[in-house]
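Undergrad: Sending over a structure as structure tokens; questions will come in a sec.
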Amino acid sequence: MASGIVQFEHVGLRYGMGAEILSDLSFSLREGGFYFLTGPSGAGKTSLLKLLYLAQAPSRGAIRLFGEDAGRLGRGELPLLRRRIGVVFQDFRLADHLSAFDNVALPLRIAGVGESEIASSVGEMLDWAGLADRSGARPATLSGGEQQRVAIARAVITKPRLLIADEPTGNVDPDMALLLLALFDALNRIGTTVVIATHDIHLLSRMPSAEIMRLAKGKLADPTGALRHPPKGHRP
Amino acid sequence: MIRRGSGDGERRLLPPGGVTGPMPGIVAAMMFLTVLAAAASLGLAYLASSLGSGRALSVEIVSADAAAKARDAGRVLDIVSRTPGLEKARLVPESEVADSLRPWLGDVTAVDIPLPAIVEAEMRGAADLKALETRLKAAVPSARLSTSAEWLAPLAGFIAALRWLAAGILLIVAAASVAVVTLAARATLDTQGEMIELLHLIGATDSQIARLVQRRIAGDALLGSVIGGGAAFLLLIFLGERLAALGSDLLGGMSAPGADWWLLLLIPPLGALLAMLVARHAVFRALKRFP
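Line by line, the protein sequences give chains A and B. Okay, so the first sequence: first residue is 1 according to the working numbering, each after it adds one. Okay, so the second sequence: first residue is 1001 according to the working numbering, each after it adds one.
This is the structure in structure tokens:
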């Protein structure tokens, strides 16, 4: 199997003593790729994403991220890997007590970045996300689309190598969905590997060059063939 | 290398708590009891020590022959005076002996009752009482040596039991305090569970998360410790003044050297520190449920 930014080798996941939610997943994602993860509800998309952003350990198999075997890393080393992954959660997971600015600044504060650097980086990011005039607003006063953009800004503020988004357009209108897709595309063009879980057929059709991973009953199909035989070099 | 989060910014990551919930009040009550139990244990230890050391010593000479009794008393006084570790040796005047017997026997000077001669002294430091007794028996066979420790022994035993009781209460209160702080840490983890999980997922280390929780608990614990400890010290000062007003030699033995009482002042900050460490331990254990 070709090496990539993410490698799954015979990965399985079960919760407790239940049946396997995910079975024998083996695939590789290349650096700079753009991937859609699709499949019916209950197929295991969110569980697969949890494995990707290290919120869940697999029941079997091995996961390699950025060349490191996540299962062999000590508890003190995993945060370093997580800091290289940006996650846009389906329910945004914004901190209600923090302003849009402080929500976006969260990963930088965790990483110990100085406040002056945070001020300039977060200011630029909010400007990029079209939220410059909403920086002091709490999540409760933001619209769904604004909350979504804050969540995306937080996910990309550290310039992650891998961006994972779970149904990022599920709660926004079609125009906003296109705007968000343009944001992901822009990030991908500067080298970020993007994985988006979605049901949205229109979103898939808007990115014909993206590779598709289809999950059904815990097993992964590879309709574009890109997972097992990734094309050499980065996509144009 | 994982860098620590920036101080002020990191402090804001959990919602501002302020003084909320019963935690400071419970810690204040625990600290009040802890300081009182420690003070009782310390005071009773000194009281038991002063009783056990038998500071007063007396030698009784019984003889129906007044001349022989006076002669023997002189010998005993001489021996006691020359014994290392004994001070202020004196022959108790017969009138004083008679006065001490008046409550039981009435005016003994009015009747013909032979009174014993009594030589008494104060013990300072270590005195070899066995050697003294041997010398006294050799010189005056009728001399009977006794120390206050002998007749105070049952009381000293009772006080020692009270002291262990106070120490036991101290341990129970300390254990209850640890349990309260552990529950408070778990409650904070439960109420802030979503935020803590988010911090974990975006790369916060266990130490960073523990620092956030323990900082909040330490603040509550410190406030409770200051209030509870302060109230206990005020009560101790009041009781100390009442004790001094009694003028009792016996209860005066409860007064430890000043430096030892100052040790009690360390209990509130140590309590807050313990709370912080217990909270840290509880957070680390709770975080194990996250991969």
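The beta-carbon is built from N, C-alpha and C at its ideal position, and this holds for glycine as well. All figures in this text were calculated on a predicted structure; none of them were measured in a lab.
(1) Taking 8 Å as the threshold (C-beta atoms), are A:Ala197 and A:Lys50 in contact?
(2) In the DSSP assignment, find the beta strand (DSSP E) that holds A:Leu65 and state where it starts and stops.
(3) In the stretch 1207-1222 of chain B, which residues sit with their C-beta less than 7 Å from some C-beta in chain A, listed in chain order?
(4) According to DSSP, is B:Lys1088 part of a helix, a strand, or is it coil?
(5) Could you name the residues of the same chain whose beta carbon sits closer than 6 Å to that of A:Ala192, not counting the 5 residues immediately before and after it, in chain order?
(6) Within the chosen definition, does the stretch 1192-1199 of chain B reach the stretch 1080-1091 of chain B through at least 3 CB pairs nearer than 8 Å?
(7) Excluding the 5 residues flanking A:Gly74 on each side, which residues of the same chain have their C-beta closer than 7 Å to its C-beta?
(8) Taking the alpha helix (DSSP H) that B:Ala1245 falls in, what are its first and last residues?
(9) Have a look at B:Ala1138 and B:Phe1238 and give me their C-alpha separation to the nearest angstrom.
(10) Using a C-beta to C-beta distance shorter than 8 Å, which residues of chain B count as neighbours of A:Gln56?
(11) Following the continuous beta strand (DSSP E) through B:Ala1121, name the residue where it begins and the one where it ends.
(12) Measure from the C-beta of B:Thr1294 to each C-beta in chain A and report whether the shortest distance is under 8 Å.
(13) Please report the distance separating the alpha-carbon of B:Val1173 from that of B:Thr1034.
(14) How would you write the range of the beta strand (DSSP E) that A:Gly18 sits in, first residue to last?
(15) Looking at B:Val1278 and B:Met1178, is the spacing between their C-beta atoms short of 8 Å?
(16) Tell me whether A:Phe101 is buried or exposed, calling it buried when 16 or more other Cβ atoms sit within 10 Å of its Cβ.
(17) Any chance the stretch 52-68 of chain A sits against the stretch 91-108 of chain A, with 3 or more Cβ pairs inside 8 Å?
(18) Using a 10 Å radius around the Cβ and a threshold of 16 neighbouring Cβ atoms, would you call A:Ser116 buried or exposed?
(19) Please list the residues of the stretch 65-79 of chain A that have a C-beta atom closer than 8 Å to any C-beta atom in chain B, keeping them in chain order.
(20) Locate the alpha helix (DSSP H) running through B:Lys1069, then write down its first and last residues.
(21) For the putative contact between A:Leu181 and A:Leu203, defined by C-beta atoms under 8 Å, what is the C-beta separation to the nearest angstrom?
(22) For the alpha helix (DSSP H) containing B:Thr1134, name the first residue and the last one.
(23) Let me know the beta strand (DSSP E) ranges lying completely inside the stretch 131-191 of chain A, each 3 residues or longer, listed in chain order.
(24) Going by DSSP in three states, A:Leu73 sits in which element: helix, strand or coil?
(25) Please report whether the beta-carbon of A:Ile21 lies at a distance below 8 Å from any beta-carbon of chain B.
(26) Determine whether the Cβ of A:Pro107 lies closer than 8 Å to any Cβ atom of chain B.
(27) Against chain A, does B:Thr1188 count as a neighbour if the rule is that its beta carbon must be under 8 Å from one of theirs?
TA: Straight from the coordinates:
(1) no
(2) Arg60 to Leu65
(3) Gln1208
(4) strand
(5) Checking the sequence, you will find Thr at residue 192 of chain A rather than Ala. For A:Thr192, where only same-chain residues beyond five positions count, the Cβ hits under 6 Å are Leu163.
(6) Using a C-beta cut-off of 8 Å, the stretch 1192-1199 of chain B makes no contact with the stretch 1080-1091 of chain B, since fewer than three inter-stretch Cβ pairs fall below that distance.
(7) Hits under 7 Å: none found.
(8) Asp1206 to Leu1246
(9) 52 Å
(10) Neighbours of A:Gln56 on chain B, chain order: Pro1291.
(11) Ala1117 to Met1123
(12) The question about residue 1294 of chain B has no answer, for chain B in this structure spans 1001 to 1291.
(13) Roughly 6 Å between the two C-alpha positions.
(14) Where A:Gly18 is concerned, there is no enclosing beta strand (DSSP E), given that its DSSP letter is neither H nor E.
(15) The sequence shown places Val at residue 1178 of chain B, rather than the Met named in the question. It is a contact, given that the beta carbons lie within the stated cut-off.
(16) buried
(17) By the Cβ test, the stretch 52-68 of chain A is not in contact with the stretch 91-108 of chain A, since fewer than three Cβ pairs between them sit closer than 8 Å.
(18) exposed
(19) Of all residues in the stretch 65-79 of chain A, Arg75, Gly76, Leu78 and Pro79 have a Cβ within less than 8 Å of some Cβ in chain B.
(20) Ala1066 to Ser1081
(21) About 6 Å separates the beta carbons of A:Leu181 and A:Leu203, which is inside the 8 Å limit, making them a contact pair.
(22) Leu1129 to Ala1139
(23) 162-166
(24) DSSP, reduced to helix, strand and coil, places A:Leu73 outside both helices and strands of the structure shown, so it counts as coil.
(25) no
(26) yes
(27) no
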